[in-house]
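Shown next, in structure tokens, is the structure this report addresses.
So this is what it looks like as structure tokens:
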């Protein structure tokens with residue numbers, strides 16, 4: 116079964132793409148996965164940062 120993709124409102128059968136277009140599509144998909152991974156890593160780091168900031172606030176001398 117052929118896979119299709121939609122770009123700028125137009126649908127393409129991936130089996131009919133040129134080798135260059137298939138390579139570009141593959142690179143785009145890899146890049147999208149990396150961006151998603153980086154967003155996840157950023158969320159994890161932000162959560163850790165918030166925890167460290169709270170721990171610091173708790174460790175500071177009280178007035």
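In the working numbering, the protein residues as written are 116 to 178.
C-beta: ideal position from N, C-alpha, C; glycine also.
Computed from a predicted model, the values in this text were never measured in an experiment.
Where does residue i fall in DSSP's three states?
{"i": "residue 111", "result": "The chain is shown from 116 up to 178; residue 111 falls before or after that span and cannot be answered."}
{"i": "residue 131", "result": "helix"}
{"i": "residue 177", "result": "coil"}
Using a threshold of 8 angstroms, state whether the C-beta atoms of residue i and residue j are closer than that.
{"i": "residue 122", "j": "residue 129", "result": "no"}
{"i": "residue 132", "j": "residue 143", "result": "no"}
If I measure Cβ to Cβ from residue i and keep anything under 8 angstroms in the same chain, skipping five residues before and after, which residues do I get?
{"i": "residue 137", "result": "129"}
Identify every residue that forms a DSSP beta bridge with residue i.
{"i": "residue 150", "result": "BP columns for residue 150 are empty, so no partner."}
{"i": "residue 121", "result": "126"}
Excluding the five sequence neighbours on either side, which residues of its own chain have a C-beta within less than 7 angstroms of the C-beta of residue i, listed in chain order?
{"i": "residue 127", "result": "119, 120"}
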